[in-house]
Amino acid sequence: MGELSGQVPLLLKKEDEFDHIKKIPVLVSSTIKVIMWVIFIAWATFISILPIKFVNEQQFRFIQATQGTIFGSTGSVFLMFSLPIFMIAFLAIVRLILNGEDERQVKKNAKGPNFSLWTFPVLVDGPFGVVTAAEMIGIMLFAGYIVWAVIMYTIQNVDLLSSFHMQDMKEKSALLLELTGFRFGFIGLVCLAFLFLPVARGSVLLRAIDIPFEHATRYHVWLGHLTMALFTLHGLFYVICWAMRGRLLEELVDWKNEGVANLPGVISLTAGLLMWVTSLPGVRRKNFELFFYTHQLYVVFVVFLALHVGDFIFMIAGAGIFLFMLDRFLRFFQSRKTVDILSTTCFPCGTVELVISKPANLNYNALGWIFLQIRELSWLQWHPFSVSSSPLDGKHHLAILIKGLGDWTKKLKGNILNLSVEQSEKAPLLQHNKKIIASVEGPYGHESPYHLTYENLILVAGGIGISPFLAILSDILHRINDSKPCLPRNILIVWAIKNSDELPLLDTVDMEAICPLFSEKLNLEIQTFVTRESQPTLEEGRVPKAMHPSISPGFKGCRMSSLVGTGNVVWSGLYVIVSTIGLVITVALVDIFYINAFNVYYWWYKGLLLIGSMVASVLIFGGLVIALWHLWDRKTSSKEESDDATKKVDVLQQKNEISLHKSFGEGRFVNNIRYGQRPDLQEMFASHAKIWGNVDIGVLVCGPPTLQSSVAKECRRQNLQRSGHQAIFHFNSHSFDL
Numbered sequence: 195m196g197e198l199s200g201q202v203p204l205l206l207k208k209e210d211e212f213d214h215i216k217k218i219p220v221l222v223s224s225t226i227k228v229i230m231w232v233i234f235i236a237w238a239t240f241i242s243i244l245p246i247k248f249v250n251e252q253q254f255r256f257i258q259a260t261q262g263t264i265f266g267s268t269g270s271v272f273l274m275f276s277l278p279i280f281m282i283a284f285l286a287i288v289r290l291i292l293n294g295e296d297e298r299q300v301k302k303n304a305k306g307p308n309f310s311l312w313t314f315p316v317l318v319d320g321p322f323g324v325v326t327a328a329e330m331i332g333i334m335l336f337a338g339y340i341v342w343a344v345i346m347y348t349i350q351n352v353d354l355l356s357s358f359h360m361q362d363m364k365e366k367s368a369l370l371l372e373l374t375g376f377r378f379g380f381i382g383l384v385c386l387a388f389l390f391l392p393v394a395r396g397s398v399l400l401r402a403i404d405i406p407f408e409h410a411t412r413y414h415v416w417l418g419h420l421t422m423a424l425f426t427l428h429g430l431f432y433v434i435c436w437a438m439r440g441r442l443l444e445e446l447v448d449w450k451n452e453g454v455a456n457l458p459g460v461i462s463l464t465a466g467l468l469m470w471v472t473s474l475p476g477v478r479r480k481n482f483e484l485f486f487y488t489h490q491l492y493v494v495f496v497v498f499l500a501l502h503v504g505d506f507i508f509m510i511a512g513a514g515i516f517l518f519m520l521d522r523f524l525r526f527f528q529s530r531k532t533v534d535i536l537s538t539t540c541f542p543c544g545t546v547e548l549v550i551s552k553p554a555n556l557n558y559n560a561l562g563w564i565f566l567q568i569r570e571l572s573w574l575q576w577h578p579f580s581v582s583s584s585p586l587d588g589k590h591h592l593a594i595l596i597k598g599l600g601d602w603t604k605k606l607k608g609n610i611l612n613l614s615v616e617q618s619e620k621a622p623l624l625q626h627n628k629k630i631i632a633s634v635e636g637p638y639g640h641e642s643p644y645h646l647t648y649e650n651l652i653l654v655a656g657g658i659g660i661s662p663f664l665a666i667l668s669d670i671l672h673r674i675n676d677s678k679p680c681l682p683r684n685i686l687i688v689w690a691i692k693n694s695d696e697l698p699l700l701d702t703v704d705m706e707a708i709c710p711l712f713s714e715k716l717n718l719e720i721q722t723f724v725t726r727e728s729q730p731t732l733e734e735g736r737v738p739k740a741m742h743p744s745i746s747p748g749f750k751g752c753r754m755s756s757l758v759g760t761g762n763v764v765w766s767g768l769y770v771i772v773s774t775i776g777l778v779i780t781v782a783l784v785d786i787f788y789i790n791a792f793n794v795y796y797w798w799y800k801g802l803l804l805i806g807s808m809v810a811s812v813l814i815f816g817g818l819v820i821a822l823w824h825l826w827d828r829k830t831s832s833k834e835e836s837d838d839a840t841k842k843v844d845v846l847q848q849k850n851e852i853s854l855h856k857s858f859g860e861g862r863f864v865n866n867i868r869y870g871q872r873p874d875l876q877e878m879f880a881s882h883a884k885i886w887g888n889v890d891i892g893v894l895v896c897g898p899p900t901l902q903s904s905v906a907k908e909c910r911r912q913n914l915q916r917s918g919h920q921a922i923f924h925f926n927s928h929s930f931d932l
């Protein structure tokens, strides 16, 4: 492997005389990125200095001064808290359009290896799991803000309390508790402004900063714990205060028309607590369905929160909630369409491969993943699965591997086997009467294929965690064969499995068929560890590739919908922009012709009208864009309809032919299988760092949390012990613990 370490990176495109023209969109995109950061830093700074008494007073005066305008206090809060988020979202759309749909050019870092805050693990075994340096900075900034805000607001509460000159200590303590509860509620709303942003799966914000949804989900979990802790303290302090005054029951059921309505707040907090408790790791792992169904109470939580605080206070978190509503509405349309499962394959280890029909214009990268629903199993359950095929494997299909671990996956396997038996007993003309009905959301994933940015890759997988790495391997081989930009040239795959019946999963990638003579251009080493078997079960350790018969349950041309936030940048951008403008128009019309005209002053009612305006703008303005998007998609895809059936059949026939001619371990690459052993990560990392030299090594891990922790520890150890011109390990995880 060391022979290629000094060569020029593989298949990098050379610059031509028009390269300076191509760089213009890149410069504009970089400028937009800087502007986005300036807006975000200014917005975050404003929120951070709000606890200062002077700033707080100026904010209150600004809100009071704008009460007579068309939008009133709601417009003022919108300008301060929500508008910056929308501005960043709009700029993100422009930046994504400038970047285009083309593949990102991969260029070698001429300055040598460098540390990255996003790929340097700092904490490994803490309550947050594996935390990188950049994530640690974010956690510290959030924690610093909370501590700072609590201290400053406490000082203001004490000063305010001293101005009342009360003699009754009980009443004084009750008032202090009430003021403290109010402050915790405001801090909770600030955290709520961030809470919904990470769970918008196709969000332009996540795409612009290239944070994949599986990583953003972790941030949602962290923010969820923090937000609910603050809201719980908010409610607890008020409850204690009311109990001290002997008015607990009256206050709990109170629904004021002017001011904060307590009963809606109690309902909202109860829904939030139910979601919080059922999302705790112990409950969630034992009963995922309980967690999933209870989490749908977010609708109750949001609606009754608006009734509780009114329109202008609710607008503190309005931008994040509205962007989530847009994403959810778009996903609803995509998931309503049924999809053809072109073929199914059951492996001896119990893993099922599904090949799903997709339109040619729906792009994804090799680290993509989808949400899958099988209606025969459940109309409500959606499960995430990594895509195991490269987008270069075929324009009209993608594949996923599903391990039978839970009740849902085991039922899926049973249905497939039963269907296979039924169809084998029937005439071919009757086979179309039986099929699996599926719906799909996605694909989602990284905006850029970051696995292509490293010359040296170490892929560590546990069990079914090999799935995304099969897609990566296929993607790299296709790029080498097609002379596309591709930086990786040294790849080590470390795969830990329990039993040898999982070995045939490697058969889903035929390296020789994809790229003949690939070993002349790529150094590939696969180290497989079968931990629960001390020796090969068959002669020479080779495992039979026999599988259950593949089935092709019905061909109706039903493909995945391309109406997805990560599908078409222009249409998804128009969807967000038009819907946001529609929200402003809708709120203005409601204010002018109803609220101001009829002097509506009920806080809870105005909060309900704001929620209604959000829903109406999504349905009317967003729905119009979706309808036009759908018509455009049908028009553009109709040109290739005549070729779809042929291409699908050809793909499946080629796939079946390939599976009959697999041949691993014949000198094309290093492929070692070790029985009764576990991978020695320290030895493997150290030896390959020595072979590859002073380079950046991208480490990707996909597997259980214990494996991720072990890999993160080793990356951290190697980096901290690094001296002189040695390799730097960049930790990246690929997890679906959603």
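Going letter by letter, the sequence shown gives residues 195 to 932 in this note's numbering. Built from N, CA and C at the ideal position, the CB exists for glycine as well.
Measuring alpha carbon to alpha carbon, tell me which residue in Trp312, Gly892, Ser537 is nearest leucine 646. When only C-alpha atoms are compared, the closest one is Gly892.
Review point. Does the segment 507-515 touch the segment 374-394, meaning 3 or more C-beta pairs lie closer than 8 Å?
Key: Cβ pair count under 8 Å is three or more, so yes.
Query - Same chain, Cβ closer than 8 Å to leucine 524, neighbours up to 5 away in sequence not counted - result: Excluding positions up to five away in sequence, the list reads Gly396, Leu757, Val758, Gly759, Ser766, Tyr769, Gly816, Ile820.
To the nearest angstrom, how far is the alpha carbon of lysine 247 from that of alanine 236?
Their backbone Cα atoms lie some 19 Å apart in a straight line.
Looking only at its own chain, which residues have a Cβ that is under 6 Å from the Cβ of valine 249, when we skip the five neighbours before and after it? If we look at valine 249 and ignore the five residues flanking it on each side, its Cβ neighbours are Ile243.
Point to revise | C-alpha gap between glutamine 490 and leucine 556, whole angstroms | key: If I take the Cα positions, the gap works out to 29 Å.
*What are the boundary residues of the alpha helix (DSSP H) that includes aspartate 827?*
For aspartate 827, the uninterrupted alpha helix (DSSP H) segment begins and ends at 817-831.
Where tyrosine 788 sits in the DSSP three-state scheme: Tyrosine 788: helix per DSSP, three-state reduction.
- Query: Using a Cβ-Cβ cut-off of 7 Å (strictly less than) and excluding sequence neighbours within five positions of methionine 281, which residues of its own chain qualify?
  - Reply: Excluding residues within five positions, the ones whose Cβ falls inside 7 Å are Ile233.
Quiz item: When you compare only the Cα positions, how much space is there between phenylalanine 431 and lysine 450?
Solution: Rounded to the nearest angstrom, the gap between the Cα atoms of phenylalanine 431 and lysine 450 is 19 Å.
(request) Put proline 682 into one of helix, strand or coil per three-state DSSP. (result) It is coil, neither helix nor strand.
| In whole angstroms, what separates the C-alpha of glycine 806 from that of threonine 268? | Distance between the alpha carbons of glycine 806 and threonine 268: 15 Å.
* Asked: If we ignore side chains and look at the alpha-carbon of each, how far apart do valine 471 and valine 393 end up?
  -> Spanning the two alpha carbons is a distance of roughly 19 Å.
### Message
Going by C-alpha to C-alpha distance, which of Phe579, His577, Gly562, Val316 sits closest to proline 585?
### Response
When each option's Cα is compared against that of proline 585, the closest is Gly562.
Worksheet item: What runs of the beta strand (DSSP E), each 3 residues or longer, lie entirely inside the segment 300-386?
Response: Runs of the beta strand (DSSP E) inside the segment 300-386: 315-320, 323-326.
Legend entry - For proline 637, three-class secondary structure by DSSP: Here proline 637 carries a strand assignment [DSSP, helix/strand/coil].
By DSSP, does valine 889 sit in helix, in strand, or in coil? Collapsing the DSSP output to three states places valine 889 in coil.
Between which two residues does the beta strand (DSSP E) harbouring serine 927 extend? Segment 922-927, the beta strand (DSSP E) holding serine 927.
Exercise. Take proline 899 and list the residues in its own chain whose beta-carbon comes closer than 7 Å to its own, dropping the five residues that flank it on each side.
Key: So the list reads Gly323, once near-sequence residues are dropped.
Q. Taking DSSP as the reference, what is the three-state secondary structure of asparagine 559?
A. Coil at asparagine 559, not helix or strand.
- Query: Do you know how far the Cα of serine 929 is from the Cα of aspartate 534?
  - Reply: Roughly 27 Å separates the two Cα atoms.
Exercise. With a 10 Å radius around its C-beta and 16 neighbouring C-beta atoms as the bar for buried, classify asparagine 762 as buried or exposed.
Key: Residue environment: asparagine 762 is assigned as buried (16 or more neighbouring CB atoms within 10 Å of its CB, all protein chains considered).
>> Tell me which residue opens and which closes the beta strand (DSSP E) that leucine 718 is part of.
In response: Unbroken beta strand (DSSP E) run through leucine 718: 717-724.
### Nearest neighbour of tryptophan 689, chosen from Ala286, Leu825, Leu664 [CA to CA]
Residue Leu664 holds the alpha-carbon nearest to the alpha-carbon of tryptophan 689 among Ala286, Leu825, Leu664.
If we ignore side chains and look at the alpha-carbon of each, how far apart do isoleucine 687 and valine 415 end up?
-> If I take the Cα positions, the gap works out to 31 Å.
With three or more beta-carbon pairs closer than 8 Å as the criterion, would you say the segment 472-480 touches the segment 439-448?
Segments in contact, no.
task: Taking only the alpha-carbon atoms, compute the straight-line gap between arginine 828 and alanine 632 and give it to the nearest angstrom.
output: Approximately 21 Å, taken between the alpha carbons.
Please classify glycine 453: does DSSP put it in a helix, a strand, or coil? It is coil, neither helix nor strand.
**Request:** Quick one: give me the first and last residue of the beta strand (DSSP E) that leucine 595 is part of.
**Result:** From DSSP, the beta strand (DSSP E) with leucine 595 extends over 591-596.
In whole angstroms, give me the CA-to-CA distance for serine 773 and threonine 464.
About 31 Å.
task = For leucine 427, collect the residues of the same chain with a Cβ closer than 6 Å to its Cβ; drop the 5 residues on either side in sequence, then sort them by chain order.
result = Around leucine 427: Phe378.
Next on the checklist: In the DSSP assignment, the alpha helix (DSSP H) including isoleucine 190 goes from what residue to what residue?
Outcome noted: Lying before the first or after the last residue shown, residue 190 is absent from the chain, which here runs from 195 to 932.
N-terminal and C-terminal residue of the beta strand (DSSP E) that serine 537 is part of
Taken as a continuous stretch (DSSP letters only), the beta strand (DSSP E) holding serine 537 covers 535-540.
Margin query: If contact is defined by three or more beta carbon pairs under 8 Å, each pair taking one atom from either stretch, is the segment 363-372 in contact with the segment 332-341?
Written below: When Cβ pairs closer than 8 Å are counted between the two stretches, the segment 332-341 is seen not to touch the segment 363-372, the count staying below three.
* Can you find a C-beta in chain B that's less than 8 Å from the C-beta of alanine 906? -> No chain B appears in the structure shown, which is made up of a single protein chain.
query = glycine 656 bridges to which residues according to DSSP?
reply = Partner(s): Ala690.
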